[in-house]
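Taking the numbering used here, the leading residue of the sequence shown gets 7, the next gets one more, and so forth. Before any comments, here is the structure.
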Amino acid sequence: MTFQDRIPLYVSAFAAILVAVGFAVSVETGLGALAGAAVAIANAFALRWLVGAMLKADPARRAGMSLTLMAKTAVVLGISAALLFFGHLDPIGFAIGIGALVLGLVLGSAHHNLTAAPTLSSSGGAAPTKGE
7 MTFQDRIPLY VSAFAAILVA VGFAVSVETG LGALAGAAVA IANAFALRWL VGAMLKADPA
67 RRAGMSLTLM AKTAVVLGIS AALLFFGHLD PIGFAIGIGA LVLGLVLGSA HHNLTAAPTL
127 SSSGGAAPTK GE
């Protein structure tokens, strides 16, 4: 499984757990967590697609694509603000749900780093592993 595939999977798994926790607190908190989790999952898949496209693009196009990444961040912030202001969602629940993005990124990255095959160093030899 590639790193780009692992992150949305982790975000989705943590979203399910955090939404369940939100509903265990109250229905209002659970609905806020559900909305936050939906934003987190959509953000994870958008990041996967944009970063994958940036890695495949030639260097001249990467600067323009990084602007797209910044625009995506602004859109996510706008959607979050609109949901909180006009959707009458519980802000604590929303924060719980969107926390799935942070947990998924951190723990998915840690899992990838612990299980990835060693890569070659810049000198051409195998990169040192944990025990060296």
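Yeah, the Cβ is synthetic: ideal placement off N, Cα and C, and Gly gets one too.
- For L95, no alpha helix (DSSP H) run applies, since DSSP gives it neither H nor E.
- Taking the C-beta atoms as reference points, G99 is found nearer than 8 Å to L37.
- Around the beta carbon of P14, 16 or more other beta carbons sit within 10 angstroms, so the residue counts as buried.
- The stretch 39-46 makes contact with the stretch 82-96; the number of CB pairs closer than 8 Å reaches 3 or more.
- Using a 10 angstroms sphere on the CB of V81, the tally of other CB atoms stays under 16, which defines it as exposed.
- If the five residues before and after E34 are omitted, its C-beta is found closer than 6 Å to the C-beta atoms of D96, all from its own chain and listed in chain order.
- Boundaries of the alpha helix (DSSP H) around P14: 9-31.
- In this structure, M60 sits near R68, with a CB-CB distance shorter than 8 Å.
- Every alpha helix (DSSP H) of 4 residues or more that sits fully in the stretch 24-93 is shown, in chain order, as 33-62, 65-92.
- Cα atoms of I85 and V45: separation of roughly 8 Å, rounded to the nearest angstrom.
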